[in-house]
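Written below as structure tokens is the structure these notes are about.
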Amino acid sequence: MALTRKDKIIALLPPASSDLSDTSEDEEFPGKLFDMIRDSNSESSEAPSIPDEAVAVMEDIMNDLSNTNDASPDEATPVVQNIPEEVSLCAFSTPRTSFAITPLKTRSHSKTGKKRKNVSHAVRDKLIKDEVSRKRSKVNKKKLECSWTNEQFAFPVDIPEDNFTTPDRVKTPYEYFQMFFSDDLLQMLVDNTILYSVQQTGKSICVTLEEMKDFLAIQILMGIVEVPAYTDYWSQKFRYNDIAEIMSLKRYRQIRRHIHFVNNANQNDDPYFKIRPALEIVRRNCMSVEEEKKQSIDEMMVPYKGKKAGSKRQYIKSKPKKWGFKIFVRAGVSGLVYDFLIYGGEKTFREYHQFTSEENTLGLGAKVILSLCKSMKAPICSAVYFDNFFTSLELVHIRRQNYGILSLGTIRSNRLGICSLENDKALAKRGRGSFCFKNDNVNKISCVKWFDNKAVILVSSYVSVEPVATATRYTKHKKDKIDIPCPSIVKQYNRHMGGVDLMDMLVSLYRTRLKTRRWYLSIFAQMIDLCMNNAWLLYRRETKLTCAESGGNVENISLKEFRYYVSKSLRMKGRSTDSRVNENVNR
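Structure representation (structure tokens):
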């Protein structure tokens, strides 16, 4: 006989007109249940319990009751009324049992339930790093066996001067900008912005290539003329017509809200998936420029203090902008950027940066140097400079031995191996300008320790102490400037190391600002500035070459004027390079 829900509930209570000892064949289920409970309890039993059959029935009851929580409130729910006072399930003559019915668990509601506590970024980053370190396979680092002596360095190299190709003519500012921020990048922005608007809202914002150029022109002008809020450019009190007349505030906000660089449906494990296509196009354009013989590699910070980027956001205390995205940059002494690599943890190098088994034993810094230098057009007899984050003896040796690239960089004392140099106290007693050196003519490495205000150690594969020059320093004792000895390796480092810092300084002068919740727009704004500054530096180089060949005077325009001319060309009606802009530049 199939029992209904009502029968199972009433089974818990005997009929009001009968006592517990009565049984009736007309009441098939209730009588049987109470008979099973009563018969199982005897005076001799030490721990009275409910028989298995009764427990099974009661479990069915509890399951049915729990299912009623999800039932509609309109369904009829039977109510047991007129319960006799003398009847109680706990009023048996047997001792109280240890059996207890677990109360029903109320259904939790997401709106009323407690919110999960947010884990701090520091704790989360530590957990991620711990997990990565557990998964990372240990690589035995190969130590370079050096034989240090006090002999003179036997392998100095004279690096040839730059010999750039003289252009047929000096291009307009917009044409130089187009060399780095190319038309295919603009078209990609248009296509993906339309696609993203459809994915988000179900309808297209129908942005055109001309409107995207207008948007870009506005961003460039905003870097020159700064106001507290971008809406002030369109406000009545602080209106700036050069921006407000290009595009309405409503349309500007619409494009700014939906600007996108990739199809979200094709997402992969790249941490910079959202901005990667734009990065690769800009990087390709930077690598197409004729390179200098002396370059430097250093870190560039993209300012970002938000918390949407997770572990991609880095902190470097020595940088003016300490929080943001870290980009490793290879730049010339002039500040021109030739290649860059954005830091992404374990996925920094991805699939297109391949290393040999020997190179895989090196650390992150050394791999960054090798990766950025593999894209050099003429590596033979080129010199690259870097700081102690990157430098190791193995790196300096591999670069000259395998690639023909010369190196010079500061190095940490714990990476010198068995190279024994004088300690800092001994050099301090000898005074400012004192130095000591060790050379390894087998591996073609020179190591020099020089004391100025404090000791610094440098290693190189092409230069050593000789010739010793002088450096001017101010002394408190004499309250005057004095000349102190300065090894050639120090002079070379100070003269050629500042290319990336120069680019950082130029970016900070007229920074393009895109302050939004989407972290990747900060990187996009940095790419606009990088393209603009590269274009200006290339314009200055080619102007100098052209004037030197023709014998004319060099008349360069400032970076601020250069940005203005580019924005003016972007927002012109025909979208072609305007002759009036070229005339203004060449005056």
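In numbering that gives the first Met the number 0, the protein residues as written are 0 to 586. Every residue, glycine too, gets a C-beta built ideally from N, C-alpha and C.
query                                                                                                                      : result
Boundaries of the beta strand (DSSP E) in which Arg-472 is found, first to last residue                                    : 468-474
Assumed close pair Val-462, Pro-155 - CB separation to whole angstroms, cut-off 8 Å                                        : 6 Å
C-alpha gap between Leu-569 and Tyr-175, whole angstroms                                                                   : 13 Å
Lys-567 in three-state terms, based on DSSP                                                                                : helix
Length of the line joining the Cα atoms of Asp-423 and Val-447                                                             : 13 Å
Three-way DSSP call (helix, strand, coil) for Ile-213 in this model                                                        : Looking at the sequence provided, one finds Asp at residue 213 rather than Ile. It is helical.
Per DSSP, cross-strand counterpart(s) of Lys-293                                                                           : Ala-382
Beta-bridge pairing of Phe-436 - partner residues as DSSP gives them                                                       : Val-447
Given 8 Å, three or more beta-carbon pairs between the stretch 392-404 and the stretch 420-434                             : no
Cut-off 6 Å between Cβ atoms - residues of its own chain near Leu-11, not counting five sequence neighbours on either side : none
At least three beta-carbon pairs within less than 8 Å, the stretch 375-382 to the stretch 351-359                          : no
Inter-residue spacing [alpha-carbon to alpha-carbon] between Ile-522 and Val-301                                           : 6 Å
Nearest residue (CA-CA) to Phe-324, options Ser-317, Tyr-342 and Pro-159                                                   : Tyr-342
Nearest-angstrom Cα separation, counted from Thr-511 out to Gln-525                                                        : 7 Å
Any alpha helix (DSSP H) of 4 or more consecutive residues that is wholly inside the stretch 497-547                       : 498-508
Stretch-stretch touch, CB-based, cutoff 8 Å, three pairs: the stretch 185-201 with the stretch 257-266                     : yes
Residue from Lys-7, Lys-142 and Ile-8 with nearest C-alpha to Gly-416                                                      : Lys-142
Closest residue to Lys-371 among Leu-537, Arg-283, Ala-228 and Lys-478 (Cα-Cα distance)                                    : Before going on, a small fix: residue 371 reads as Leu here, not Lys. Considering only alpha carbons, the answer is Arg-283.
Counted within 10 angstroms of its Cβ, other Cβ atoms place Asn-438 as buried (16 or more) or exposed                      : buried
Rounded separation between Ser-549 and Cys-285 - CA only                                                                   : 28 Å
Boundaries of the alpha helix (DSSP H) in which Arg-252 is found, first to last residue                                    : 248-257
Option in Lys-320, Asp-297 and Asp-269 with minimal Cα separation from Thr-347                                             : Asp-269
DSSP state of Glu-225 mapped onto helix, strand, coil                                                                      : coil
Contact the stretch 485-500 vs the stretch 306-324: 3+ CB pairs below 8 Å                                                  : no
Sequence-distant residues of the same chain with beta carbon closer than 7 Å to Tyr-519, five excluded per side            : Lys-273 and Ile-274
Supposed contact pair Val-336 and Val-395 - C-beta distance, whole angstroms, cut 8 Å                                      : Rounded, the Cβ-Cβ distance is 24 Å, inconsistent with contact.
DSSP beta-bridge partners of Met-299                                                                                       : Ile-326
Distance, Lys-514 Cα to Asp-386 Cα                                                                                         : 32 Å
Proximity winner among Ser-507, Ser-247 and Asp-338, relative to Ser-295 (alpha-carbon distances)                          : Asp-338
Alpha-carbon to alpha-carbon, Ala-228 and Tyr-222                                                                          : With the sequence shown as reference, residue 222 is identified as Gly, and Tyr is not the correct amino acid for it. Whole-angstrom Cα-Cα distance: 13 Å.
Close-in-space but distant-in-sequence residues of the same chain around Ser-566 (CB under 6 Å, 5 per side omitted)        : Ala-216, Ile-219 and Leu-220
Nonlocal neighbours in the same chain, by C-beta distance under 6 Å from Leu-184, ignoring five residues either side       : Ile-280
N-terminal and C-terminal residue of the beta strand (DSSP E) that Pro-484 is part of                                      : 479-485
Nearest candidate by alpha-carbon position, reference Glu-244, set Lys-170, Val-224 and Asp-213                            : Asp-213
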